[in-house]
Amino acid sequence: MKTKVYETQLYRNGNSQYLDLPKSIMGELELGIGEALNCYIENGRIIFEKKEKPFIEEWDEFFESGGSYKDYEKVDWGKTAGRELC
Numbered sequence: 000m001k002t003k004v005y006e007t008q009l010y011r012n013g014n015s016q017y018l019d020l021p022k023s024i025m026g027e028l029e030l031g032i033g034e035a036l037n038c039y040i041e042n043g044r045i046i047f048e049k050k051e052k053p054f055i056e057e058w059d060e061f062f063e064s065g066g067s068y069k070d071y072e073k074v075d076w077g078k079t080a081g082r083e084l085c
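Structure follows, in C-alpha cells:
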C-alpha cells in the first residue's frame, strides 16, 4: 500500500513561521484548532504527534463525567512527583 502524500507549505507571519495543514490531514488525525503537538526530527524527517492531554483537562473531564473525590482511586493520575506526598 502506498503512503498518502499531502502537499503543504510554510508561511511567514511577522517574525514567526507556520505550517499550513490541509483539512484532510486534520480530519484523518482528528486534530482540532489549537491542539498541542510534539515535533521530532528523525533521519531527516519531521514527525508530529498529538500531545497528551494536560492534567488539568483530565481533571476537569473526570468531574464533568460525574466523578467525585470518592472515586479518586479508580483513576490513573500518573506518577507522583513527590510534593503531593507531603
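Numbering (numbering that gives the first Met the number 0), first residue to last: 0 to 85. All C-beta atoms, glycine included, are put in the ideal place defined by N, C-alpha and C.
Problem - Endpoints, alpha helix (DSSP H) assigned at Ile22 - result: According to the sequence provided, residue 22 is Lys. The question's Ile does not apply to it. 22-27 is the span of the alpha helix (DSSP H), which, as asked, contains Lys22.
Practice task
Helix, strand or coil for Glu41, going by three-state DSSP, please let me know.
Solution key: Secondary structure at Glu41: strand, using DSSP grouped into helix, strand and coil.
Problem - Reduced DSSP secondary structure (H/G/I, E/B, other) of Ile46 - result: It is a strand residue.
Practice task
Using beta-carbon positions only, say whether Glu27 and Asn37 come within less than 8 Å of one another.
Solution key: Their beta carbons are not under 8 Å apart, which means Glu27 does not touch Asn37 by this criterion.
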